[in-house]
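Worksheet: one structure, shown below.
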Amino acid sequence: MNFSLFCSALVVPCRFSNTLATKLVERHRKSKLASHTREEAETKDTTVLTAPRDYKFVYPEFLPDPTWWKRDRIREKLEREDMMRRRSVIEIPEFYVGTVMAVESSDKYAPGKKNRFVGICIQRGGHGLRAGFTLRNVIDGQGVEVQYDLYNPTIIRLEVLKLEKRLDDELLYLRDAPQEYSTVPFDMEPVVLPPGIAVPINTMKVKLGPRPWHERWERQELKGVEDLGLPERFYKRAAEVAKPWQKHDLMRDYRLAINEDETEEIMTDVYGKMQGIETQQKLRRRQGPGPAK
Amino acid sequence: MALLCRATVLQTQTHLCTNAIVPLRNFSVSSPLQQIIKLSRLQVVDNSAIGRAAAISGRPAKCIHVYNKKGVGTLGDKILVAIKGQKKKAYIVGVKQKQKPFVPRFDSNNIVLVEESGMPTGTRIRVPIPSMLRGKEGDFTKILSIATKFI
Amino acid sequence: MAAPMKSVACLIRGTCFLQNAILHDTRFMPRACTHLQITRGRRRTCRPPSWFVRTRTKSHHLNQQELTAENKGFLTEYVEDFYTKKFEETSPLKDGPWERHEWHSHTFRTGVLAVKIGVIPQWDNQGRKFHTTLLQVLDNHVIRYVPPPVFEQSPAFKSHWRNRNGPKYGSVVVGALSCDPQLFTKEYNNLFTEAGVPPKRKLTRFIVTPNAAVQPGTPLFATHFKVGDYVDVQAKTIGHGFQGVVKRWGFKGGPASHGTTKWHRRPGSMGGGREKSGVWKGKKMPGHMGMDWRTLRGLKIWRINTKYNVLYVHGPCIPGPNHCYVRIMDTTLFYRKQAMEDQPPYMPTFFPEDTGDSDLPEEIVDEKLFSFKEPSIRYEEEASTTKKAKR
Chain A
1 MNFSLFCSAL VVPCRFSNTL ATKLVERHRK SKLASHTREE AETKDTTVLT APRDYKFVYP
61 EFLPDPTWWK RDRIREKLER EDMMRRRSVI EIPEFYVGTV MAVESSDKYA PGKKNRFVGI
121 CIQRGGHGLR AGFTLRNVID GQGVEVQYDL YNPTIIRLEV LKLEKRLDDE LLYLRDAPQE
181 YSTVPFDMEP VVLPPGIAVP INTMKVKLGP RPWHERWERQ ELKGVEDLGL PERFYKRAAE
241 VAKPWQKHDL MRDYRLAINE DETEEIMTDV YGKMQGIETQ QKLRRRQGPG PAK
Chain B
1 MALLCRATVL QTQTHLCTNA IVPLRNFSVS SPLQQIIKLS RLQVVDNSAI GRAAAISGRP
61 AKCIHVYNKK GVGTLGDKIL VAIKGQKKKA YIVGVKQKQK PFVPRFDSNN IVLVEESGMP
121 TGTRIRVPIP SMLRGKEGDF TKILSIATKF I
Chain C
1 MAAPMKSVAC LIRGTCFLQN AILHDTRFMP RACTHLQITR GRRRTCRPPS WFVRTRTKSH
61 HLNQQELTAE NKGFLTEYVE DFYTKKFEET SPLKDGPWER HEWHSHTFRT GVLAVKIGVI
121 PQWDNQGRKF HTTLLQVLDN HVIRYVPPPV FEQSPAFKSH WRNRNGPKYG SVVVGALSCD
181 PQLFTKEYNN LFTEAGVPPK RKLTRFIVTP NAAVQPGTPL FATHFKVGDY VDVQAKTIGH
241 GFQGVVKRWG FKGGPASHGT TKWHRRPGSM GGGREKSGVW KGKKMPGHMG MDWRTLRGLK
301 IWRINTKYNV LYVHGPCIPG PNHCYVRIMD TTLFYRKQAM EDQPPYMPTF FPEDTGDSDL
361 PEEIVDEKLF SFKEPSIRYE EEASTTKKAK R
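Residue numbers (full-length UniProt numbering), protein chains in the order written: chain A, 1 to 293; chain B, 1 to 151; chain C, 1 to 391.
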């Protein structure tokens, strides 16, 4: 117990004056004076496998929400345990924005109590158990989008039909593009990648339809879109409202992301557990379709 | 005069895109919220002759009343539409507005016309229908029976 | 020369008060404790109440600077030894707990003082999503039990807590988060001698009936409650300072443009009318917003983590920001309390001996909650037809 730390002025503004600073809660959790609820000091296992550098892009939802006042170590840990439990029951594969996926979920109202939807992942987000993604497809000339919770227990099966990345983080502009860009057949055969290969990046450029659009795409730095062909005044205005300094703003980056040390800590923990889960899943796949599939 | 101009613009541009109705207006109605309120234009998705005629003429069905207390229509709500100079009842079977997880969101606001007796005007629905309509209150059985696909 | 002398004096003072803490006669202790005082409305004065005991020492920082590293280490060791080893001998618990009584629907048990640690979604076994708030019960101990006749003398006692037989309720003071005694004044440290625990960062008081009296020094766990119980939760809301009516009460304000001058966020007219003229009491006006006690009643406990002492309580809107103190107690809602008779709670609190030889499982989950170990939810054909039939 460090007295100088204990008495250090952990001043919180009046707005939160009934609350404890995060550091102080942490200190109390590990304090030797705390008798029965003290956490055991975790012994660091030196033989733990370190996660690959890009592991945080493979399973981004394991990183907690970086908003400082929402963070808590124990809550994040409990949340991660729940996610791991769910992952050991069903297979949640690696996927990215641009990947073609199929989701089979139980639906009270669907014929056969099951529902299957196939589409391109156009958005992915959320942290922890709130993580989710959106699929888009065109059925009978009608664009349809469905949003899914990744850890919802009604999902029976998640299947990746074509694993690939796109040039942008979100493909919401497909709403304003011709329908052929987001059409995927429901009976699509899964495309198997050769093992050990990096995830391919689809460099296709989309030609958007005429205005009006859902958003002002010319103001966003989109890489996967062909020249928009707008009059000069649009680009002029876009240049006026652009914030080119943000990419140099280190504090902004710091606030909007989990720092590297913590990321590594979390990802090492995740990697260790995922290894076990993956071997289990392989065994299950060899045995054939089980009840939990 | 201005009104006339706008009508012609609307007409010509809707002819260009036949698949979906793109609201081409020079003024904002409720497009940021994408709500179905009075004066919203809607797409008729059954195979009734009146619905098709309205789409071809470039003057799609217009909502003139929403039968709920909020005045904003969502999936499964009953509305009154003005179409080809007639007043018709209709059910909303697909919306553009953001939906909860597992509920589909469509690229256009879709309706199915019904008669006063509750019978659908058409005999078939051309686009997929959200299966969660079964759980909604209201008499959808006849509409669901003429649907071809569920999501 | 003066500096080392001072540090020695400081060292002596440091150990001395610890001995005082034991030797000090409880008769001379101040009646009061600095618990959370819940009053109707808001206290409008900045003067401390009559029973206030100053908690923090003013000179602690200075003393720490003057101490050498060795002396600091010695004090640390001494404090740890004092509260871990020696107190096992002097703890009041060694005589065994007080007599335990049966629970009935008029019983008020003690509550616990938790810390809010976040909100996460959970699903029930029908696949419906809802949010739960995680509350961690950190290092809680009963500090003092005040029987009804003594509690009646307290300024905090309400007159309607009496019936013809006398006062109905006593009180239990619960403390959370053990601290280093050097932070606090002697008076404050003395409050904890009876319980035999280190001084606590936060104290709070719960009203209890005499049959739910708890012995001082008893630890309180998250398992004080059972899964499926309903609880009331009290906490202080986030402070917003002095606010106008638009933010405080959600008034509409005025138009932003169209020739409006100086009329954008104003409350409008008030006090007009003939018989009803004058500004009525309770009129929504500008003023201090937030930082006020709020109670949420009848929240279900969905899940308990016994390893970290975490309660998963229903709902995303428990007052206060993350890491605020939250008082949790059994619900006072009539029908909920009646329903508790089927599953009576631990009286007066949970003791680890209650489970017998077997340890509690790490996760206790409500039967209606989806446990993530289970396979995916599938709906049966029959279930839906019966549901349709009901309709």
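All C-beta atoms, glycine included, are put in the ideal place defined by N, C-alpha and C.
Here D149/A is buried: its Cβ has 16 or more other Cβ atoms, across all protein chains shown, within 10 Å. By a beta-carbon distance limit of 8 Å, I304/C does not contact V231/C. Their separation comes to about 12 Å. Taking W68/A as reference, the option from T22/A, V199/A, P52/A, D227/A with the minimal CA-CA separation is T22/A.
Burial check for A69/C: the Cβ neighbour count within 10 Å stays below 16, so the residue is exposed.
Chain A has no Cβ within less than 8 Å of the Cβ of N189/C. Across the set A82/B, L80/B, T141/B, the C-alpha of T141/B shows the shortest separation from the C-alpha of M132/B.
Annotated as proximal: L33/A and P198/C, with beta-carbon spacing under 8 Å. Between L138/C and V115/C, the gap from beta carbon to beta carbon is short of 8 Å.
Given a length threshold of 3 residues, each whole run of the beta strand (DSSP E) inside the region 297-340 of chain C is given here in chain order: 310-314, 325-330.
For R53/A, the closest C-alpha among the options L283/A, T268/A, I155/A is that of T268/A. Under the DSSP definition of a beta bridge, V146/C partners with S171/C.
Within the same chain, and ignoring the five residues on either side of G273/C in sequence, no residue has its Cβ closer than 6 Å to its Cβ. Fully contained in the region 109-151 of chain B are the following beta strand (DSSP E) runs of length 3 or more, in chain order: 110-114. Secondary structure at W213/A: coil, using DSSP grouped into helix, strand and coil.
Taking a Cβ-Cβ threshold of 9 Å, none of the residues of chain A is close to W302/C; the smallest such distance is about 12 Å. Per DSSP, reduced to three states, the secondary structure at N63/C is helical. With fewer than 16 neighbouring CB atoms inside 10 Å of its own CB, G278/C falls in the exposed class. In the three-state DSSP reduction, H288/C falls in the strand class (E or B). In this structure, Y188/C lies near V53/C, with their beta-carbon atoms less than 8 Å apart. A straight-line Cα-Cα distance of about 7 Å links G125/A and E61/A. Cβ contact annotation for P321/C (same chain, cutoff 7 Å, sequence separation greater than five): I238, in chain order. Residues of the region 102-116 of chain A with a C-beta atom less than 8 Å from some C-beta of chain B are S105, D107, K108, Y109, A110, P111, N115, listed in chain order. T331/C is positioned such that its CB atom lies no closer than 8 Å to that of R294/C. Under the 10 Å beta carbon count, R252/A is surrounded by fewer than 16 other beta carbons and is classified as exposed.
Annotation: I197/A to L42/B spans about 48 Å, alpha carbon to alpha carbon.
For the C-beta of Y148/A, the chain B residues within less than 9 Å are, from N- to C-terminus, P101, F102. Under DSSP, N137/A shares a beta bridge with V144/A. Between E265/A and P231/A, the alpha-carbon positions lie close to 50 Å from each other. In the DSSP assignment, I120/C falls within the beta strand (DSSP E) that extends over 112-123. In the three-state reduction of the DSSP assignment, K200/C falls in the strand class. Cβ proximity to chain C below 7 Å picks out W69, K70, D72, I74, R75, L78, E79, D82, R85, R86, V89 from the region 67-89 of chain A. Linking A238/A to W217/A through their CA atoms gives a straight-line distance of about 10 Å.
Between G175/C and H141/C, the C-beta gap is smaller than 8 Å, which places the two residues in contact. For R130/A, at least one C-beta of chain C is nearer than 8 Å to its own C-beta. Taking R116/A as reference, the option from A102/A, Y109/A, K108/A, P66/A with the minimal CA-CA separation is A102/A. Near chain A, meaning a CB-to-CB distance below 8 Å, the residues of the region 209-240 of chain C are P219, F221, A235, K236, I238, G239, H240.
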